[in-house]
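S.K.: Residue numbers (this note's numbering): 122 to 571.
Note that CB positions come from ideal geometry on N, CA and C, so glycine has one too.
Please read through the structure below; I'll follow up with questions.
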Ligand code: PHE
């Protein structure tokens, strides 16, 4: 345990801890990725598997990460090392994942910022067919400098928040932005459900078609669960290292999991009815929110307003998530290299900017730059969500289940006996056996080893 506690920031209030952690979890994964992954994989049937993965894999790992982080009060590498030096490599894997996710996430975040600006200026509302929206997206995405510039702007905003520190930057921004996000989401989804034809969208989202379920859908559901909850890369270890001794970890983790899942479902409720009301196929891939939705907004009265609000929602979701990724790396540099926050943040931002630039260019001028047939951008997304996150999640559950002293976990989850946590033995069983075995089998199966 870190002894110079008093030099470390602490997240002030109880609601502060929940909003900060929820801010990290609720992101483009919920609003941009979930609807199209669900759409591509059978809607309601996918949802059931997804919720299964959340409860059986995501929540236990989140609880473990929070307990570990608050116990160590250190960055990821310091955390594993302080318990068992042999586990230090898991810390480096965590760092690698956070950096690789930043590489593609900042690109999409940049797109959301550009779409927000084009909505506000009215440029987006000038187009008037799905083809034109599609052409707009492709021209923008493949432009050699515009998307790069937008991702840099996004990185700069992140940089400022992180450089301001945990309380003044991360906590304050999450406390302002997350309530705004919830309000926008609710207004937009009520509007969507009221659209003519909206019921078909809800049916698509909620009515399970079990014939669609196969191991690949399972695999997608697992990858999405890890990515959406932000588990498996120590982001929650990092944030929980700032939790106060009074924070109720079980309540915080359960609240974050419920909020994250609700936001994904509400995003589906916001998007599918709109898509169905104009009779477009829901499984239109990542372009769903950048082509289909703007085209549909354009048919509504006050279209510029709706699309501005929608893209503002995406921008907010992206900011609160990217700062959690940035902090994983920045805190590591601060503590392990003993460097000031302001300089550590510059190093992280610069590395992220290089990767994001490559990822962005790989969709345009440098499209010849592929890895196993995937563009660098797609390779980053697939490799992190579907391979590295589950592998590292397995590592974290083994570490928490087998290596860490059980008493430490129990003390953290019960605040040293002050609270109750009845399912503790089930929790340990999940961490020791179910999480690693289930995640391992799905992973090996899908990469073709089993
Ligand atoms: N959970 C975030 C989202 O859903 C993405 C993320 C993953 C953020 C991992 C931090 C760490 O968009």
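#1: Which of the three DSSP states is assigned to residue 378 in this structure?
#2: Where the beta carbon is closer than 6 Å to any heavy atom of ligand 1, which residues qualify, in chain order?
#3: What runs of the alpha helix (DSSP H), each 4 residues or longer, lie entirely inside the region 429-516?
#4: Does the distance from the CB of residue 374 to the CB of residue 142 come in under 9 Å?
#5: So, using beta-carbon positions, are residue 348 and residue 163 closer together than 9 Å?
#6: Compute the Euclidean distance between the alpha carbons of residue 236 and residue 539, then round it to the nearest angstrom.
#7: Report the rounded CA-to-CA distance for residue 513 versus residue 532, giving the unit in angstroms.
#8: Would you mind stating whether residue 339 and residue 452 have Cβ atoms separated by less than 9 Å?
#9: Using the C-alpha atoms, what's the distance from residue 361 back to residue 248?
#10: Which term fits residue 292, buried or exposed, when burial requires 16 or more other beta carbons within 10 angstroms of its beta carbon?
#11: Around the C-beta of residue 396, are 16 or more other C-beta atoms found within 10 angstroms, so that it is buried, or is it exposed?
#12: Check this for me: beta carbons of residue 279 and residue 227, under 9 Å apart or not?
#13: Does residue 190 pass the burial test, meaning 16 or more other C-beta atoms within 10 Å, or should it be called exposed?
#14: Nearest by alpha-carbon distance to residue 534: which of 317, 410, 154, 192 is it?
#15: If we ignore side chains and look at the alpha-carbon of each, how far apart do residue 485 and residue 498 end up?
#16: I need the DSSP call for residue 317, collapsed to helix, strand or coil.
#17: So is residue 207 buried or exposed if we call it buried at 16+ other beta carbons inside 10 Å?
#18: Using the Cα positions of residue 550 and residue 417, report the straight-line distance between them to the nearest angstrom.
#19: Does DSSP put residue 133 in a helix, a strand or coil?
#20: Since residue 445 contacts residue 313 with CB under 8 Å, what's their CB separation in whole angstroms?
#21: Can you tell me which of the three DSSP states residue 243 falls into?
#22: Just to confirm, is the Cβ distance from residue 477 to residue 272 under 9 Å?
#23: In or out: residue 252 buried (at least 16 other Cβ within 10 Å) or exposed?
#24: Quick check on this structure: which residue in 554, 130, 161 has the alpha carbon closest to the alpha carbon of residue 341?
#25: Can you tell me the Cα-Cα spacing of residue 407 and residue 153, whole angstroms?
#26: Ordered along the chain, which non-local residues of its own chain (more than five positions away) have a Cβ less than 6 Å from that of residue 436?
#27: CB-CB under 6 Å to residue 123, same chain, minus the five flanking residues each way: which ones, in chain order?
#28: First and last residue of the alpha helix (DSSP H) that includes residue 158?
#29: From this set, 415, 553, 413, which residue's C-alpha is nearest residue 177's C-alpha?
#30: Assign residue 265 to one of three DSSP states: helix, strand, or coil.
#31: Between which residues of its own chain and residue 455 is the CB-CB distance below 8 Å, once the five residues before and five after are set aside?
#32: Take the Cβ of residue 429 as the centre, count every other Cβ of all protein chains shown within 10 Å, and call the residue buried at 16 or more, exposed below.
#33: Nearest-angstrom Cα distance between residue 260 and residue 286?
#34: Among the residues of its own chain, which have a CB less than 6 Å from the CB of residue 377, if the five just before and after it don't count?
#35: Would DSSP call residue 329 helix, strand or coil?
#36: Quick check on the burial criterion: 16 or more other C-beta atoms within 10 angstroms. Buried or exposed for residue 488?
M.R.: Taking the definition as stated:
#1: In the structure shown, residue 378 sits in a helix (DSSP, three-state: H, G or I).
#2: Chain-ordered list of matching residues: 145, 146, 148, 149, 150, 151, 222, 348, 349, 351, 354, 356, 442, 445, 446.
#3: With a minimum length of 4 residues, the continuous alpha helix (DSSP H) runs that stay inside the region 429-516 are 462-482, 497-503.
#4: In this structure, residue 374 places its C-beta atom within 9 Å of the C-beta atom of residue 142.
#5: Taking 9 Å as the cut-off, the Cβ atoms of residue 348 and residue 163 do not count as close.
#6: Roughly 49 Å separates the two Cα atoms.
#7: It is roughly 24 Å from the alpha-carbon of residue 513 to the alpha-carbon of residue 532.
#8: No.
#9: Their Cα atoms are separated by approximately 46 Å.
#10: Under the 10 Å beta carbon count, residue 292 is surrounded by 16 or more other beta carbons and is classified as buried.
#11: Result: buried.
#12: Contact flag set, yes.
#13: With a 10 Å radius around the Cβ and a threshold of 16 neighbouring Cβ atoms, residue 190 comes out buried.
#14: When 317, 410, 154, 192 are compared, the shortest CA-CA separation from residue 534 is found for 192.
#15: The alpha-carbon atoms of residue 485 and residue 498 are separated by roughly 11 Å.
#16: In the structure shown, residue 317 sits in coil (DSSP, three-state: anything other than H, G, I, E or B).
#17: Counting every other CB atom within 10 Å of its CB across the protein chains shown gives residue 207 a total below 16, marking it as exposed.
#18: Put simply, the backbone Cα of residue 550 is about 48 Å away from that of residue 417.
#19: In this structure, DSSP gives residue 133 a state outside helix and strand, which the three-state scheme calls coil.
#20: 28 Å between Cβ atoms; not a contact.
#21: Here residue 243 sits in coil by DSSP.
#22: Here residue 477 is near residue 272, since their CB atoms are less than 9 Å apart.
#23: Within a 10 Å sphere around the beta-carbon of residue 252 sit fewer than 16 other beta-carbons, which makes this residue exposed.
#24: A check of alpha carbon separations from residue 341 across 554, 130, 161 identifies 161 as the nearest.
#25: Going by the C-alpha atoms only, they are around 7 Å apart.
#26: 233, 234, 237.
#27: Only weak support is given to the placement of residue 123: the predicted model assigns it a pLDDT of 44, under 50, and the value that follows is read from those uncertain coordinates. Cβ within range, chain order: 194, 195.
#28: 155-161 is the extent of the alpha helix (DSSP H) around residue 158.
#29: The residue with the shortest Cα to Cα distance from residue 177 is 553.
#30: Note: residue 265 maps to coil in three-state DSSP.
#31: Answer for residue 455: 196, 461, 462, 465, listed in chain order.
#32: So residue 429 counts as buried.
#33: Between the C-alpha atoms of residue 260 and residue 286 there is a straight-line separation of about 37 Å.
#34: Contacts found: 142, 143, 146.
#35: Strand.
#36: Residue 488 comes out exposed.
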